[in-house]
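Asks:
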Amino acid sequence: MHRATRRDWLATAGATAVAGLAGCMGIGGSSQPVAVGSLLPLSGPGALGDVASHHERAVATAVEHANRAGGVGGREVVHVSKDTAADPETAAEAYDELTADHSLLSVVGPVISDVTGSLTERAAEDRTLLVSPSSTAPTLASAGRTDDGKFFARTCPNDSQQAAVMAKIVDDDVYAGADTVAVCYLDNAFGSALAEGVENSLDADVVASVAYAGSTETPEGPVDDALASDPDAIAFVGSPGSSESVLEELLRREYDGGVALSSGLVPSNPKPNWSGVYTASVASSNTVGTKRLRRELSDIAPLLVYATNAYDAAMLPLLAGEYAGDASSSAAAGALQSVSGGVGHSVTVNEFGRARSLVDAGRELNYKGAAGSMDLTDDLEPVTGYLVQQVVDSGMETLELLKPGFFSGGDGS
């Protein structure tokens, strides 16, 4: 994996030109503000809107942290938030408004894989960097790629990891230990891709594969179909808000098999009928950066799923623009991997000023984010640890940590 260094960037941009502009106008040749946009489902169904509101606050906090340190190369950063309503057409209109009205460094979002997939080709054509905090569909790994760059990144792991964890929960005798399983999944790009990944990773026999519509008012049908063969376990794939009715119906049934949920579906205060349910969860960080963001956003504690990733999705391009000496979206996309990991000096939440000092001194950066280490791959996505967790009377119990090595064929446990 090749990471462009600061020297590479200065050689490309022209060190003399960059230095001259940085002194009087700000990097990128302008004294005008640069924008970080966000495309979030603020009016989305159920819990999704609440999740999006936490993402919005996290993005605004990252922008505030950059501005406290003087902005990107002396240019003020503004946050422009747009509501996608979890709808591709609405998202396209919001994207058009962002690109037409603002000088964009990057756009945080979209949140849902279906919506994200509808915009990545346009973003690549426009050379506008999209960074999703939560679009996990495996099909997005190659999205937004051009002959000379990649304009889609994410700060959440690819769902190929989650599929492996859900399959382990179903198969392992320590957990569900199932010989037969029904897969019940949300009928969209995210749900079908994750369900396919789970099925391909299972040793258990798949006796039913049942799709359900998001926010359906008739959840009994898909639950009946999933339970018809009396499987030893149910692998349930869904997203907050869209899957609530079907999941609630499933947990109301007198079913004594194992239930393995995809990430982000367990509420903060689960009801008694959730007891015993397993879930695959991205390993939460408790680093300095995580603690700092939690303190900054203590008024909305506890932070909802992928809120820390949303902060990182905003901060990484801000650092990349500073590092590249160019506050354009193209430059941020090109430098994103370089600042995300490697052997550089570690910087974390609310250390934009320190990062600038390191860049000015010719040092490399290694961003340790609110969600933990990023260290983006060539597909501009992280490989992270996962937890096997179970709902118990006292809340959530962590049963096993699967380290990144687990997903590359190593032991990882």
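Just remember that this note's numbering sits 853 ahead of the position in the sequence shown, which is counted from 1.
Yeah, the Cβ is synthetic: ideal placement off N, Cα and C, and Gly gets one too.
Please read these numbers as outputs of a predicted model, since none were measured by experiment.
1. Per DSSP, what are the beta-bridge partners of Asn1219 in this structure?
2. I'd like the span of the beta strand (DSSP E) that includes Gly902, first residue to last.
3. Give the list of continuous beta strand (DSSP E) stretches no shorter than 3 residues that lie fully inside the segment 1041–1071.
4. Are the CB atoms of Val960 and Leu993 within a distance shorter than 7 Å?
5. What does the alpha-carbon distance come out to for the pair His918 and Asn1203?
6. Between Ser1082 and His907, what straight-line distance do the alpha-carbon atoms span, to the nearest angstrom?
7. Which first and last residues belong to the beta strand (DSSP E) in which Lys935 is found?
8. What is the residue span of the alpha helix (DSSP H) that Arg952 lies within?
9. Within this structure, are the beta carbons of Leu1211 and Ala1136 separated by less than 7 Å?
10. Just verifying my parser: in three-state terms, what is the DSSP assignment at Ala994?
11. DSSP state of Met1249, grouped into three classes?
12. Is the beta carbon of Tyr1131 less than 7 Å from the beta carbon of Pro986?
13. Take the Cβ of Leu1233 as the centre, count every other Cβ of all protein chains shown within 10 Å, and call the residue buried at 16 or more, exposed below.
14. If you follow the alpha helix (DSSP H) that Ala1224 is in, where does it begin and where does it stop?
15. Since I believe Met1227 is in contact with Ser1182 (beta carbons under 8 Å), could you give me their beta-carbon distance rounded to a whole number of angstroms?
16. Just to confirm, are Ala945 and Ser896 a CB contact at a threshold of 7 Å?
17. By how many angstroms is the C-alpha of Glu978 removed from the C-alpha of Ala1064?
18. So, are the CB atoms of Ser1138 and Ala1224 less than 7 Å apart?
19. Please work out which residues of its chain come closer than 8 Å, Cβ to Cβ, to Gly902, disregarding the five sequence neighbours upstream and downstream, and give them in chain order.
20. Nearest CA to the CA of Val968: which residue from Ala915, Asp936 and Arg1145?
21. Please work out which residues of its chain come closer than 8 Å, Cβ to Cβ, to Ser1121, disregarding the five sequence neighbours upstream and downstream, and give them in chain order.
22. Measuring CA to CA, which of Leu1157, Leu1254, Ala947 and Val887 is closest to Ala900?
23. Quick check on Gly890: does DSSP put it in helix, strand or coil?
24. Please work out which residues of its chain come closer than 6 Å, Cβ to Cβ, to Gly970, disregarding the five sequence neighbours upstream and downstream, and give them in chain order.
25. According to the neighbour-count rule (16 or more other Cβ atoms, all chains shown, within 10 Å of its Cβ), is Arg1148 buried or exposed?
26. Could you tell me whether the Cβ of Ser1054 comes closer than 7 Å to any Cβ of chain C?
27. Would you mind stating whether Ala1133 and Gln1015 have Cβ atoms separated by less than 7 Å?
28. Do the segment 1054–1063 and the segment 1029–1046 meet, that is, are 3 or more Cβ pairs less than 8 Å apart?
29. Where does Thr1033 sit, in a helix, a strand or coil, going by DSSP?
30. Out of curiosity, what's the CA-to-CA distance linking Gly1129 and Val1112?
31. Quickly, what does DSSP pair Phe1268 with across the bridge? List them, please.
32. By a C-beta neighbour count over all protein chains shown, 10 Å radius and 16 as the cutoff for buried, is Leu1254 buried or exposed?
33. Using 10 angstroms around the beta-carbon of Pro1010, count the other beta-carbons present and answer buried if the total reaches 16, otherwise exposed.
34. Just the C-alpha distance for Gly1195 and Arg975, rounded to the nearest angstrom, thanks.
35. Does the distance from the C-beta atom of Gln1190 to that of Leu1229 stay below 7 Å?
36. For my contact list, Leu972 and Pro963 are in at a C-beta cut-off of 8 Å; report their separation, rounded to the angstrom.
Replies: Considering the structure as presented:
1. BP columns for Asn1219 point to Ser1199.
2. Taken as a continuous stretch (DSSP letters only), Gly902 belongs to no beta strand (DSSP E), being part of the alpha helix (DSSP H) at Ala900 to Arg921.
3. The segment 1041–1071 contains these whole beta strand (DSSP E) runs: 1058–1065.
4. No.
5. When rounded, the distance between both Cα atoms is 5 Å.
6. Between the C-alpha atoms of Ser1082 and His907 there is a straight-line separation of about 40 Å.
7. Counting along the chain, the beta strand (DSSP E) containing Lys935 begins and ends at Val930 to Asp936.
8. The amino acid occupying residue 952 in the given sequence is Thr; Arg does not appear at that position. Looking at the DSSP string, the run of the alpha helix (DSSP H) that includes Thr952 is Pro941 to Asp954.
9. Contact: no.
10. Ala994 falls in the helix class under three-state DSSP.
11. Collapsing the DSSP output to three states places Met1249 in a strand.
12. Inclusion of Tyr1131 and Pro986 in the CB contact set at 7 Å is not warranted, their separation being larger than that value.
13. With 16 or more other Cβ atoms within 10 Å, it is buried.
14. First-last for Ala1224: undefined, no H or E at that position.
15. So it is not a contact: roughly 19 Å between Cβ atoms.
16. No, these two residues do not count as a Cβ contact at 7 Å.
17. Straight-line measurement puts the Cα of Glu978 at about 33 Å from the Cα of Ala1064.
18. Going by C-beta atoms, Ser1138 is nearer than 7 Å to Ala1224.
19. Excluding positions up to five away in sequence, the list reads Pro894, Leu895, Ser896 and Gly1094.
20. Considering only Ala915, Asp936 and Arg1145, the residue with the shortest C-alpha distance to Val968 is Asp936.
21. Hits under 8 Å: Pro1155.
22. In this structure, Leu1157 is the residue among Leu1157, Leu1254, Ala947 and Val887 with its C-alpha nearest to the C-alpha of Ala900.
23. Correct three-state label for Gly890: strand.
24. Only Ala1042 meet the Cβ criterion.
25. Arg1148 is exposed by the Cβ-count criterion.
26. In the structure shown, chain C cannot be found, because there is only a single protein chain.
27. Contact: yes.
28. Enough Cβ pairs lie closer than 8 Å, so yes.
29. Looking at Thr1033 - three-state DSSP - the assignment turns out to be strand.
30. If you take the alpha carbons of Gly1129 and Val1112, they lie about 8 Å apart.
31. There is no way to answer for residue 1268, as the model of the chain reaches only from 854 to 1266.
32. Sixteen is the threshold: since fewer than 16 other Cβ atoms of the shown chains lie within 10 Å of the Cβ of Leu1254, the residue is exposed.
33. The residue in question, Pro1010, is buried, as its Cβ has 16 or more Cβ neighbours within 10 Å.
34. C-alpha separation (whole angstroms): 30 Å.
35. Their beta carbons are under 7 Å apart, which means Gln1190 touches Leu1229 by this criterion.
36. The beta-carbon separation of Leu972 and Pro963, rounded to 7 Å, stays under the 8 Å limit for a contact.
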